[in-house]
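A short worksheet on the structure shown next.
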């Protein structure tokens with residue numbers, strides 16, 4: 006958490022040159038900061054071919070967090086989801102009205 010406590014494990018930095026690397030939620034990299042040497046280290050965790058773009062991950066964030074913090078959204082972001090409250094109740098009410106019974110085990114498509 007980023008709460009300023011001594012045990013905080015996350016640190017936000019605006020690091021020259023590192024901020025030129027593009028984000029991808031599935032980007033296989035590790036970014037660390039060593040306070041003793043005051044250095045940032047970016048290490049890839051995958052093999053890359055010459056000329057291929059290397060991504061880093063800014064963190065597993067939904068698009069609204071990426072937009073708010075960094076000014077962009079990621080197409081196909083696996084962290085992008087929405088919770089719809091009451092959907093099962095509404096489905097069961099619709100099924101009951103149609104005489105179909107409960108929605109348990111039913112498959113729904115949007």
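Residue numbers (the numbering used here): 6 to 115.
Note that the Cβ used here is the ideal one computed from N, Cα and C, for glycine as well.
Note that the coordinates shown come from a computational prediction; the quantities given were computed from them, not determined experimentally.
Simplified DSSP assignment, three categories, for residue i
i, result
"residue 113", "Because residue 113 sits at a pLDDT of 49, beneath the cut-off of 50, its placement in the model cannot be relied upon, and the following sentence gives the value as read from the coordinates. Residue 113 falls in the coil class under three-state DSSP."
"residue 23", "helix"
"residue 104", "coil"
"residue 35", "strand"
"residue 69", "helix"
"residue 9", "Only weak support is given to the placement of residue 9: the predicted model assigns it a pLDDT of 47, under 50, and the question is left unresolved by the model."
"residue 98", "helix"
Candidates the options: closest to residue i by CA position
i, options, result
"residue 26", "59, 75 and 68", "59"
"residue 83", "67, 98 and 94", "67"
"residue 28", "45, 37, 95 and 79", "79"
Beta-carbon proximity check, residue i vs residue j, cutoff 8 angstroms
i, j, result
"residue 36", "residue 23", "yes"
"residue 48", "residue 39", "no"
ask   = For the 8 angstroms Cβ check, are there 3 or more pairs between the region 55–72 and the region 24–37?
value = yes
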